[in-house]
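Right, one structure below, let's go through it.
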Amino acid sequence: MEMTLRWYGSKFDTVTLQQIRQIPGVTGVITTLYDTQPGELWSRERIRALKDEVEASGLHISGIESVNIHDDIKTGLGKRDEYIDNYIKTLENLGQEDIHMVCYNFMPVFDWTRTELARVLPDGSTALAYTQEAVDALDPEKMFESIAGDMNGTVMPGWEPERMARVKELFALYKDVDDEKLFASLKYFLEAIMPVCNKYDINMAIHPDDPAWSVFGLPRIIINEENILRMMKMVDDPHNGVTFCSGSYGTNLKNDLPHMIRSLKGRIHFAHVRNLKFHSPTNFEEAPHISRCGSFDMYEIVKALYDIGFNGPIRPDHGRSIWGEVAMPGYGLYDRALGATYIQGLWEAIEKSETRK
Ligand SMILES: [Mn+2]
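Numbering of the sequence shown is given in our numbering, commencing with residue 924 and proceeding in unit increments.
Structure (structure tokens):
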């Protein structure tokens, strides 16, 4: 595995490449062209400039999170072929710049969903949190307004104001889209991009839906082992793989995370490792990474990744806001840096106990 950190680019991130470079063991960043819109073609020049900037700091680009998918591709409507064509050209440009891992998601309308961006924990830190009761009480069109005030002046991925201004229109677009239709659209998309992925050895890593169930009546398919194995089988190519995000699959306590990791051997191209603390099955917050602070056995999760020979980029996921840092919720420096060293500690212990027998 390679330890990485997500970075949104110097124009958008409060964390600098120089700071990331000083986190022990972190050698790469997972980044994106944050100001591009879904469906837009990424030029080779812009990718090259981003790469040069990252490399000047002594780091490198370990993968892209994300190249977002246009809604026409997800719904199978409108200009989907044109947008897929742009996606293929973007992958080609990334491949030519020696970038070989692309994370994306296939969630309708809303990206990940939280109901609080700054729940105060007993130690005084704040964390992102979710309660189903709060979602059920909310008009989906008001979802954006209800959290916009907590973004610390940043723009959060999936919650761009331009997108949220169209939320009514987006709901109408997905009116006739159910799970089967979404699976069919995903298959169509994957079949179209696999040739370019094979040509440039680009691993596609779909991010799970978060939370891993339907919200506001919208279909969600990347939620459990059964569905993800269906997806692997329907386009059976090693480049069609997943981002294993423990915090997203883990929102559903029925998901056995270490078991899922083992069943996806060879198809996990990227790992997000984080912990959640549950107060009830539908009320949880994003806990510090270490096992004792949350509900997951992080040792078992990292051990499963080790056991399947996972060798892709791994990153700590959302962190709490601690030590007075003001940053994009979930994406401050300090708690993620603690997560990165903790995960590496687990990995070293597992590796040594396995190889010194
Ligand atoms: Mn994730």
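For glycine and all other residues, C-beta sits at the position ideal for the given N, C-alpha and C.
Exercise. How do the segment 1254-1265 and the segment 994-1013 stand: do at least 3 beta-carbon pairs fall below 8 Å, yes or no?
Worked result: Flag = no, the segment 1254-1265 and the segment 994-1013 do not touch.
Problem set entry | Cβ shell of residue 1190 (< 8 Å), same chain only, five flanking positions each side left out | 1155, 1161, 1163, 1164, 1165
Exercise. DSSP state of residue 1100, grouped into three classes?
Worked result: coil
Problem set entry | Closest residue to residue 1236 among 986, 1040, 1039, 990 (Cα-Cα distance) | 986
For this session: Measure how close the beta-carbons of residue 952 and residue 926 come, nearest whole angstrom, since I'm counting them as under 8 Å.
Result: Not a contact, Cβ separation roughly 11 Å.
Exercise. If you draw a straight line from the alpha carbon of residue 1040 to that of residue 1056, how long is it in whole angstroms?
Worked result: Here the C-alpha atom of residue 1040 lies approximately 16 Å from the C-alpha atom of residue 1056.
For this session: Determine the extent of the beta strand (DSSP E) in which residue 1140 is found, giving its start and end residues.
Result: Neither: residue 1140 is in no beta strand (DSSP E) and is coded neither H nor E.
Problem set entry | Proximal residues to residue 1100 (C-beta, below 7 Å), its chain only, five neighbours per side dropped | 998, 1031, 1142
Problem set entry | Residue from 1132, 1211, 1140 with nearest C-alpha to residue 1178 | 1132
Problem set entry | Top-ranked residue by Cα proximity to residue 1151, from 1124, 1118, 1109 | 1109
Exercise. For ligand 1, is there a heavy atom less than 8 Å away from the beta-carbon of residue 1258?
Worked result: no
For this session: State the start and end residues of the unbroken beta strand (DSSP E) segment that holds residue 1024.
Result: That run of the beta strand (DSSP E) goes 1024-1028.
Exercise. By DSSP, does residue 908 sit in helix, in strand, or in coil?
Worked result: The question about residue 908 has no answer here: the residues shown for the chain are numbered 924 through 1280.
Problem set entry | DSSP state of residue 1128 mapped onto helix, strand, coil | strand
Problem set entry | Candidates 1173, 1227, 1202: closest to residue 864 by CA position | Examination of residue 864 is not possible in this model, given that the chain is present from 924 through 1280 alone.
Exercise. What residue does the alpha helix (DSSP H) around residue 1154 start on, and which one ends it?
Worked result: Its alpha helix (DSSP H) spans residues 1148-1157.
Problem set entry | Candidates 1136, 1278, 1277, of which the one nearest residue 1034 by Cα | For the residues 1136, 1278, 1277, the minimum Cα distance to residue 1034 belongs to 1136.
Exercise. Taking a cut-off of 7 Å, which residues have a beta-carbon closer than that to any heavy atom of ligand 1, in chain order?
Worked result: 1130, 1133, 1166, 1168, 1170, 1171, 1195, 1240
Problem set entry | Neighbour-count burial assignment, residue 1267, 16 or more Cβ in a 10 Å radius | buried
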